[in-house]
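J.: For reference, the structure I am asking about is given below.
Numbering (the working numbering), first residue to last: 249 to 586.
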């Protein structure tokens with residue numbers, strides 16, 4: 249047994265048969281299945297809330313979730329001698345979804361639709377738990393507009409600019425208009441009504457559903473990484489999966505169609521959700537995140553990573569716009585329900 253982590257293992261009532269490591273995560277093989285030990289940066293309250301939600305989903309019939317295991321003191325967070333936080337989670341023997349493989353992506357999309365059917369009418373109660381946040385993207389988009397204005401003002405007032413900052417200045421007006429356009433589209437859509445209905449019906453979004461959020465098992469799928477779960481409009485999760493897939497696959501409309509159809513076969517997409525899906529995908533979220541990363545980072549020197557990503561983003565913008573047009577046309581003929 250690895251002596252360095254013995255202090256962590258000893259805090260759990262579990263008989264370990266074998267231990268191995270991969271990418272900073274410790275895997276524990278036991279007679280009851282596979283578990284992992286990993287570092288944790290959030291609070292015990294947040295973890296309790298997450299576990300309560302997962303236990304309810306599991307009770308309803310969806311079993312493959314990375315539920316946290318309580319230690320001998322009935323807490324979820326354990327500490328090493330340096331007071332670093334660690335947790336143990338139930339884990340699975342499987343492969344991460346390949347974002348470039350259409351079969352993997354369709355399985356991941358179908359799994360999301362199935363998961364959503366279990367994530368309605370969920371409220372958690374108890375002592376020392378965190379409140380599940382609500383996400384309203386109209387409010388968030390308004391805040392992002394304000395953030396971009398501050399960046400623009402900062403750059404125009406800065407006397408000495410590096411190449412990244414000069415490139416941001418070239419692009420910022422265009423993307424500001426795009427952000428403003430899609431904010432207005434969202435305000436004019438049925439989003440607010442759907443959001444209020446979702447809150448009233450206690451619908452939970454995974455919040456970070458991408459190819460990193462599933463493990464493809466031999467005959468099933470497991471869902472992991474619920475750190476960003478929130479109450480809100482569930483079609484957001486399909487948008488998040490699609491956006492990441494399209495960014496990695498040159499905005500391939502045929503792939504997007506397959507992903508959407510795989511979801512729709514399990515959970516029908518409504519007209520309101522279709523409209524919102526197009527708006528969310530049209531919104532230049534990656535640009536916003538890059539600029540936010542620049543502004544909140546160390547601005548004293550040029551960030552090569554952000555510089556390269558920004559130029560790649562600008563170079564593929566026409567392709568992205570063509571994708572949005574094709575998606576609008578496709579969904580206008582898609583078999584939807586009201």
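Every residue gets a Cβ at the ideal spot worked out from N, C-alpha and C, and that includes glycine.
No experiment lies behind these values; they were computed from the predicted model shown.
1. Taking the alpha-carbon positions, what's the residue 334 to residue 450 distance?
2. Measuring only the C-alpha atoms, how far is residue 470 from residue 402?
3. From the DSSP output, read off the bridge partner residues of residue 334.
4. Where does the unbroken beta strand (DSSP E) through residue 302 begin, and where does it stop?
5. Is it buried or exposed for residue 432, if we count other Cβ within 10 angstroms and need 16 for buried?
6. Please report the residue range of the beta strand (DSSP E) in which residue 470 lies.
7. Is the beta carbon of residue 366 sitting closer than 7 Å to the one on residue 532?
8. What are the boundary residues of the beta strand (DSSP E) that residue 260 is part of?
9. Just mark residue 356 as buried or exposed, buried being the case when its beta carbon has 16 or more other beta carbons within 10 Å.
10. Could you pull the start and end residues of the alpha helix (DSSP H) that residue 448 belongs to?
11. Would the beta-carbon of residue 472 fall within 7 Å of that of residue 314?
12. Can you give the beta carbon distance from residue 514 to residue 362, rounded, assuming they're within the 8 Å contact cut?
13. For a test of the three-state rule: what should DSSP assign to residue 350, helix, strand or coil?
14. Does the beta-carbon distance from residue 486 to residue 522 come in below 7 Å?
15. For the stretch 499–554, list the alpha helix (DSSP H) runs that are entirely contained and at least 4 residues long, ordered along the chain.
16. Go to residue 275, then tell me how far its alpha helix (DSSP H) extends in each direction, as first and last residue.
17. Beta carbon of residue 324, beta carbon of residue 316: below 7 Å?
18. List the DSSP bridge partners of residue 478.
19. Leaving out five residues on either side along the sequence, give the residues of the same chain with a beta carbon under 6 Å from the beta carbon of residue 249.
20. Look at the alpha carbon of residue 255 and the alpha carbon of residue 285, and state the distance between them as a whole number of angstroms.
21. Going by DSSP in three states, residue 410 sits in which element: helix, strand or coil?
22. Output needed for residue 399: all residues of its chain with C-beta closer than 6 Å, excluding positions within five of it in sequence on either side, in chain order.
23. Provide the residue span of the beta strand (DSSP E) that contains residue 341, from first to last.
24. DSSP puts residue 313 in a beta bridge; with which residues?
25. Taking 6 Å as the limit between beta carbons, can you name the residues of its chain near residue 296, skipping five residues before and five after?
26. Using only alpha-carbon positions, find the residue among 261, 299, 269 that is nearest to residue 475.
27. For the beta strand (DSSP E) containing residue 462, list its first residue and its last residue.
28. In terms of residues, what are the limits of the alpha helix (DSSP H) holding residue 573?
29. Name the DSSP beta bridge partners of residue 268, please?
30. Could you compute how far the alpha carbon of residue 499 sits from the alpha carbon of residue 557?
31. If we ignore side chains and look at the alpha-carbon of each, how far apart do residue 479 and residue 304 end up?
32. Checking 7 Å against the spacing of the C-beta atoms, do residue 386 and residue 434 come in under that value?
33. According to DSSP, residue 281 sits in a beta bridge with which residue or residues?
T.: Quick answer:
1. As a first step, residue 334 must be located in the chain shown, where it is residue number 86. As a first step, residue 450 must be located in the chain shown, where it is residue number 202. Each residue's Cα considered, the two are about 30 Å apart.
2. For the purposes of this step, residue 470 is taken as residue 222 along the chain shown, with counting starting at 1. For the purposes of this step, residue 402 is taken as residue 154 along the chain shown, with counting starting at 1. Cα to Cα, the separation comes out at about 45 Å.
3. Position 86 of the chain shown, counted from the first residue, corresponds to residue 334. Answer is 287, 326.
4. Here residue 302 corresponds to residue number 54 of the chain shown, with the count starting at 1. It is not in any beta strand (DSSP E) - residue 302 instead sits in the alpha helix (DSSP H) that spans 292–308.
5. What you label residue 432 is simply residue 184 of the chain shown in a count that begins at 1. Residue 432 comes out exposed.
6. As a working mapping, residue 470 is identified with position 222 in the chain shown. Segment 469–471, the beta strand (DSSP E) holding residue 470.
7. Numbered from its first residue, the chain shown carries residue 366 at position 118. Numbered from its first residue, the chain shown carries residue 532 at position 284. No, the pair does not count as a contact, with Cβ atoms beyond the cut-off.
8. Taking the chain shown and counting its residues from 1, the one referred to as residue 260 is at position 12. Neither: residue 260 is in no beta strand (DSSP E) and is coded neither H nor E.
9. For this step, residue 356 is matched to residue 108 along the chain shown. By the neighbour-count rule (16 or more Cβ atoms within 10 Å), residue 356 is buried.
10. Counted from its first residue, the chain shown places residue 448 at position 200. First-last of the alpha helix (DSSP H) with residue 448: 439–448.
11. In the chain shown, the residue the question calls residue 472 occupies position 224. In the chain shown, the residue the question calls residue 314 occupies position 66. Going by C-beta atoms, residue 472 is nearer than 7 Å to residue 314.
12. For this step, residue 514 is matched to residue 266 along the chain shown. For this step, residue 362 is matched to residue 114 along the chain shown. Indeed, because the Cβ distance is near 5 Å, the residues count as touching under 8 Å.
13. Here the question's residue 350 lines up with position 102 in the chain shown. Reduced to three states, the DSSP call for residue 350 is helix.
14. Translated into positions along the chain shown, residue 486 becomes position 238. Translated into positions along the chain shown, residue 522 becomes position 274. For residue 486 and residue 522, no; Cβs fall outside 7 Å.
15. 501–514, 519–530, 533–543
16. Stepping through the chain shown from its first residue, residue 275 is reached at position 27. Segment 273–278 is the beta strand (DSSP E) holding residue 275; no alpha helix (DSSP H) there.
17. Sequence index remark: in the chain shown, residue 324 carries index 76 (1-based). Sequence index remark: in the chain shown, residue 316 carries index 68 (1-based). Yes; because the gap between Cβ atoms is below 7 Å, this pair is in contact.
18. Counted from its first residue, the chain shown places residue 478 at position 230. Residue 478 is bridged to 453.
19. If you number the chain shown from 1, residue 249 lands on position 1. Low confidence applies to residue 249: its pLDDT is 45, below 50, so where it sits in the model is not reliable enough to give any reading.
20. For the purposes of this step, residue 255 is identified with residue 7 of the chain shown, where counting begins at 1. For the purposes of this step, residue 285 is identified with residue 37 of the chain shown, where counting begins at 1. The straight-line gap from Cα to Cα measures roughly 12 Å.
21. Reading the chain shown from its first residue, position 162 is the one you call residue 410. Three-state DSSP puts residue 410 in coil, outside helix and strand.
22. For the purposes of this step, residue 399 is identified with residue 151 of the chain shown, where counting begins at 1. Cβ within range, chain order: 539, 543.
23. Here residue 341 corresponds to residue number 93 of the chain shown, with the count starting at 1. Neither: residue 341 is in no beta strand (DSSP E) and is coded neither H nor E.
24. By 1-based counting over the chain shown, the position of residue 313 is 65. 471, per the DSSP bridge assignment.
25. Taking the first residue of the chain shown as 1, we reach residue 296 at position 48. Taken in chain order, the residues that qualify are 377.
26. Counting from 1 along the chain shown, the entry for residue 475 is found at position 227. For residue 475, the nearest C-alpha among the options comes from 299.
27. For the purposes of this step, residue 462 is taken as the residue at position 214 of the chain shown. Unbroken beta strand (DSSP E) run through residue 462: 462–464.
28. Sequence index remark: in the chain shown, residue 573 carries index 325 (1-based). It spans 565–580 - the alpha helix (DSSP H) in which residue 573 sits, taken as one unbroken run.
29. Stepping through the chain shown from its first residue, residue 268 is reached at position 20. Its beta-bridge partners are 275.
30. For this step, residue 499 is matched to residue 251 along the chain shown. For this step, residue 557 is matched to residue 309 along the chain shown. Cα-Cα distance, rounded: 16 Å.
31. Locating residue 479 in the chain shown gives position 231, counting from the first residue. Locating residue 304 in the chain shown gives position 56, counting from the first residue. Near 15 Å, if we compare the C-alpha coordinates of residue 304 and residue 479.
32. Locating residue 386 in the chain shown gives position 138, counting from the first residue. Locating residue 434 in the chain shown gives position 186, counting from the first residue. Closer than 7 Å, so yes.
33. For the purposes of this step, residue 281 is taken as residue 33 along the chain shown, with counting starting at 1. Paired residue(s): 278.
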